[in-house]
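See below for the structure under consideration.
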């Protein structure tokens, strides 16, 4: 009778808590990606707002010169939107890789998304410090 009981047990029980933790981590990275994308959009649109404001305040010559160039805020906003998208894609690939590693019981931590997030935060902070110093 005991061999029949052994057949009833699954060969390798799945660890649902670990998979759910992996999914929560993935969703946190997606929220970070959405946040970067939204922040980049706001930075770019704020630059557009300033350009339009200068036009309506009668500084049409300044507007003509500024409108022909992208400007730092626009470039920075586009980079942030792009990096947010890249971070979202990388987080999906990392999620699937960790999911496979959990099933195979071969998990290895990776720092690429962590390093990317820290680098982005540092770049954003540096940009705004430089921007505030030169805008005074």
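In the working numbering, the protein residues as written are 13 to 148. Backbone N, C-alpha and C fix where the C-beta goes; we use that ideal spot for every residue, glycine too.
Check your understanding: Hey, residue 110 and residue 34 are a contact pair by Cβ (cut 8 Å); roughly how many whole angstroms apart?
Key -> Contact between residue 110 and residue 34 holds: their C-beta atoms lie close to 5 Å from each other, under 8 Å.
Check your understanding: Under a Cβ-count criterion, where at least 16 other Cβ atoms within 10 Å of its own Cβ denotes burial, should residue 68 be classed as buried or exposed?
Key -> Its Cβ having fewer than 16 others within 10 Å, residue 68 is exposed.
Check your understanding: Of all the options 144, 91, 130 and 103, which has the alpha carbon lying nearest to the alpha carbon of residue 50?
Key -> Nearest C-alpha to residue 50: 91.
Point to revise | Integer-rounded CB distance, given that residue 120 should sit under 8 Å from residue 113 | key: With 8 Å as the limit, residue 113 and residue 120 qualify as a contact, their Cβ atoms being about 7 Å apart.
Check your understanding: Are residue 93 and residue 53 touching if we call contact CB-CB under 8 Å?
Key -> It is a contact, given that the beta carbons lie within the stated cut-off.
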